[in-house]
Amino acid sequence: MSESANPFREGLARLRAPEPCVFVLFGATGDLTARKLLPALWQLVHDGLAPKHFYVLGVARRPKTDDEFRAEVRAAVTDHGRHKPEDDGEWADFAGRLGYHQSEFHDEAGFAGLAERLSAIDAEMGTTGNRLYYLAVAPEFFEVIADQLAAHDLIGPDEGSGWRRLVVEKPFGEDLPSAQALSRHLHQLVGEEQIYRIDHYLGKETVQNLLTLRFGNAIFEPLWNRRYIDNVQITVAETEGIGRRGEFYDQTGGLRDMVQNHMMQLLALVAMEPPVTWEAGAIRDEKAKVLKALPDWSPEQVAQHVVRAQYVAGALAGVDHPGYREENGVADDSLTETYAALRLTLDTWRWSGVPFYLRHGKRLPKRSTEVAIAFRQPPLTLFPEAVGATGNTLVLRIQPDEGISLNFLAKIPGTRLTLQAVKMEFGYGSSFAAASPEAYERLILDALVGDNTLFTRQDEVASAWRFIDAVRAGLAEQPAETMLTYPVGSWGPPEAAQLLGPGQQWRRL
Ligand SMILES: NC(=O)c1ccc[n+]([C@@H]2O[C@H](COP(=O)([O-])OP(=O)(O)OC[C@H]3O[C@@H](n4cnc5c(N)ncnc54)[C@H](OP(=O)(O)O)[C@@H]3O)[C@@H](O)[C@H]2O)c1
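Going by this note's numbering, the sequence shown opens with residue 296, and the numbers climb by one from there.
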């Protein structure tokens with residue numbers, strides 16, 4: 296069965312048919328565009344999920360003809376796409392809906408030309424004035440582009456002449472003041488409902504399935520609270536180092552690059568209350584409440600609750616790698632963390648006293664993102680042999696190998712009463728024949744249909760920054776010599792174990 300004949304996809308297409316529009320892609324020649332955005336757009340077209348009247352207009356600095364851009368798009372989707380283009384009518388039709396507009400982002404004339412080009416596209420392609428502006432550019436250009444769009448009447452409150460949406464890539468601010476300033480700036484031009492702050496983690500199947508699991512089943516939610524849950528562990532482990540992003544990473548660090556956005560969003564989904572309806576506003580309200588309940592730590596509390604470290608030279612999968620401070624673009628005396636572990640509690644009725652353990656690191660032994668819910672031990676020990684054995688854990692694997700497993704104890708066959716941990720497994724690959732869409736496919740489609748459920752709202756971003764700013768301020772007060780280290784290929788500094796309570800341990804992945 297071809298994917299386009301898949302009844303789920305056909306249902307999705309019927310339910311979520313986006314209106315005609317032009318997708319204006321700023322940063323059309325960038326890395327993210329080539330690896331993720333163009334393949335996602337092509338896949339949506341291939342699956343029949345894009346609007347019938349649709350046009351993708353790339354905007355960047357380098358001069359390029361439409362045909363050159365089309366050739367680049369083809370190369371990008373061939374290299375990175377799920378469905379490879381063929382020399383057939385489908386590709387030709389898509390190529391005919393691709394165009395390129397050269398402009399420096401500060402250039403007035405360039406944006407005047409863009410306005411003319413968009414009007415011409417509307418007239419020719421029937422795109423009816425609806426526009427999605429995707430800012431796949433460095434954050435220093437977010438305001439520049441939004442101002443230019445406003446100055447040329449290309450953006451403003453949604454009214455009459457078609458809708459206007461602004462998709463903004465991460466990072467959204469570098470701390471609370473800058474995130475608030477950016478939101479304030481954008482709000483002078485468009486309403487909050489028109490801003491789509493993308494966090495691609497929210498486009499992943501397992502992340503969305505977290506909500507289905509919790510609120511679509513009756514068996515989990517009654518246990519999803521402080522009475523039954525001992526602790527929650529959220530891990531984002533990477534084998535990669537910082538690649539060629541040394542300078543950027545050294546200014547940023549793991550707390551801002553990963554914890555403030557992706558991990559805070561995972562935490563919000565795990566800990567949120569059931570929404571009153573399955574609508575964007577209701578779901579985002581509940582997530583925002585969790586993030587508002589994040590603690591306000593003093594520097595002393597940061598010292599008790601956070602462990603940060605940098606990797607030093609070592610081997611990973613048989614390959615030697617330099618330490619963080621030896622990487623290109625990193626200062627010799629850098630105090631930027633490549634590993635962070637945190638213990639936090641949420642002061643809410645449901646979660647009071649339950650530790651949430653978060654850890655993220657680079658150059659760890661395995662690439663793995665997961666949420667593990669560890670349940671309490673039974674109230675009575677009927678099986679002395681089981682004391683200390685790993686109890687019930689529900690693990691949501693977000694990447695790689697998306698799936699869910701439930702660990703529990705079972706009797707080993709035989710005449711003796713001995714117990715062993717076993718697993719019930721659900722894997723996306725094995726349970727569903729259809730391939731999961733890439734996160735960007737899902738999120739771009741959502742933006743096209745105007746569903747902002749899986750995009751982060753201003754108040755969520757602000758609460759997450761408030762928390763991370765306090766953590767960073769506390770760490771900044773710690774003497775330079777307290778920076779911990781861990782060898783490449785290890786699971787982080789041993790001190791991270793001290794964050795855990797009695798009888799608890801970091802999961803082995
Ligand atoms: N790369 C990733 O995997 C990734 C992942 C998540 C989020 N992001 C975010 O996505 C955004 C883009 O990242 P990226 O890695 O794709 O960046 P990139 O490869 O450096 O691409 C930047 C794009 O912006 C254009 N550009 C830069 N300065 C310009 C100017 N003054 N006027 C006009 N065009 C200009 C470039 O055009 P020219 O080539 O014509 O100069 C290029 O198309 C960033 O906010 C980043 O944080 C990236």
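A virtual CB, placed ideally from N, CA and C, is assigned to each residue, including glycine.
In this text the structure is predicted, and so the values were computed from the model without any measurement.
Spatially closest choice to residue i from the options, by CA coordinates
{"i": "D545", "options": "V625, Q555, K584 and G618", "result": "V625"}
{"i": "G391", "options": "E411, Q397, F721 and V351", "result": "V351"}
{"i": "P674", "options": "G796, D525, G353 and G618", "result": "D525"}
{"i": "P695", "options": "V502, T780, H616 and M778", "result": "V502"}
{"i": "W646", "options": "V527, I537, G618 and L327", "result": "V527"}
{"i": "Q672", "options": "R357, K379, K499 and Y523", "result": "Y523"}
{"i": "D326", "options": "R539, R377 and A532", "result": "R539"}
{"i": "L704", "options": "W573, F678 and R330", "result": "F678"}
{"i": "I668", "options": "R692, G656 and E680", "result": "R692"}
{"i": "P732", "options": "G376, T360 and V317", "result": "G376"}
{"i": "F467", "options": "T547, S725, I707 and A588", "result": "T547"}
{"i": "L344", "options": "R767, L333, L779 and E736", "result": "E736"}
{"i": "G813", "options": "A323, G384, L427 and L449", "result": "The structure shown does not extend to residue 813, since the chain is modelled only from 296 to 804, so the question has no answer here."}
{"i": "A729", "options": "A329, H447, D342 and R311", "result": "D342"}
{"i": "M420", "options": "A312, E680, F349 and Q560", "result": "F349"}
{"i": "V602", "options": "E632, D627 and E581", "result": "E632"}
{"i": "L804", "options": "A312, H655, R330 and A757", "result": "H655"}
{"i": "V597", "options": "T507, L639, M558 and S398", "result": "L639"}
{"i": "Q599", "options": "L508, L794 and A312", "result": "L794"}
{"i": "F436", "options": "R412, S414, D402 and A415", "result": "D402"}
{"i": "F721", "options": "T688, L701 and L738", "result": "L701"}
Exposure label - residue i; buried when at least 16 CB within 10 Å
{"i": "T422", "result": "buried"}
{"i": "Q483", "result": "exposed"}
{"i": "F364", "result": "buried"}
{"i": "A355", "result": "buried"}
{"i": "E755", "result": "buried"}
{"i": "T710", "result": "exposed"}
{"i": "V614", "result": "exposed"}
{"i": "T664", "result": "buried"}
{"i": "S456", "result": "exposed"}
{"i": "M567", "result": "buried"}
{"i": "S297", "result": "Residue placement at S297 is poorly supported in this model, since its pLDDT is 43, which falls under 50; the coordinates still yield a value, given next. So S297 ends up on the exposed side."}
{"i": "G536", "result": "buried"}
{"i": "F406", "result": "buried"}
{"i": "W573", "result": "exposed"}
{"i": "I707", "result": "exposed"}
Contacting residues, own chain, Cβ-Cβ under 6 Å from residue i (five flanking each side not counted)
{"i": "G784", "result": "G609, A610, L611 and P660"}
{"i": "E542", "result": "G624"}
{"i": "D417", "result": "G424"}
{"i": "W458", "result": "N425"}
{"i": "A734", "result": "H495, G498 and K499"}
{"i": "E697", "result": "E500, T501 and Y723"}
{"i": "A765", "result": "W592"}
{"i": "T643", "result": "A588"}
{"i": "Y429", "result": "L320 and V462"}
Own chain partners of residue i with C-beta closer than 7 Å, once the 5 adjacent residues on each side are dropped
{"i": "F389", "result": "W337 and V340"}
{"i": "V368", "result": "L333 and L393"}
{"i": "V571", "result": "A577"}
{"i": "L770", "result": "V597, V601 and R603"}
Short Cβ contact (7 Å threshold) for residue i with residue j
{"i": "I699", "j": "L550", "result": "no"}
{"i": "M553", "j": "V585", "result": "no"}
{"i": "I529", "j": "L653", "result": "yes"}
{"i": "P315", "j": "P346", "result": "yes"}
{"i": "N747", "j": "A577", "result": "no"}
{"i": "S492", "j": "F750", "result": "For the record, residue 492 in the displayed sequence is Arg; it is not Ser. Cβ distance < 7 Å, so R492 and F750 count as in contact."}
{"i": "A404", "j": "L332", "result": "no"}
{"i": "P774", "j": "Y781", "result": "no"}
{"i": "Q605", "j": "A759", "result": "no"}
{"i": "A791", "j": "A636", "result": "yes"}
{"i": "R761", "j": "R579", "result": "no"}
{"i": "P594", "j": "E772", "result": "yes"}
{"i": "L811", "j": "V439", "result": "Residue numbering for the chain in the displayed model covers 296 to 804; residue 811 lies beyond these limits and cannot be assessed."}
{"i": "L427", "j": "F318", "result": "yes"}
{"i": "K657", "j": "E533", "result": "yes"}
{"i": "L564", "j": "M778", "result": "no"}
Beta-carbon proximity list for residue i, same chain, < 8 Å, skipping 5 on both sides
{"i": "G796", "result": "N526 and P650"}
{"i": "E621", "result": "A608"}
{"i": "G486", "result": "P452 and D453"}
{"i": "H447", "result": "F406, A407, L409 and A410"}
Closer than 7 Å to chain C by CB, residue i
{"i": "F670", "result": "Within the model displayed, chain C is absent; a lone protein chain is all it includes."}
Any non-hydrogen atom of ligand 2 closer than 6 Å to residue i Cβ
{"i": "E464", "result": "No copy of ligand 2 appears in this structure; the ligands present are ligand 1."}
Measuring CB atoms only, is the stretch 705-721 touching the stretch 457-466, in the sense that at least three cross pairs come out at less than 8 Å?
no
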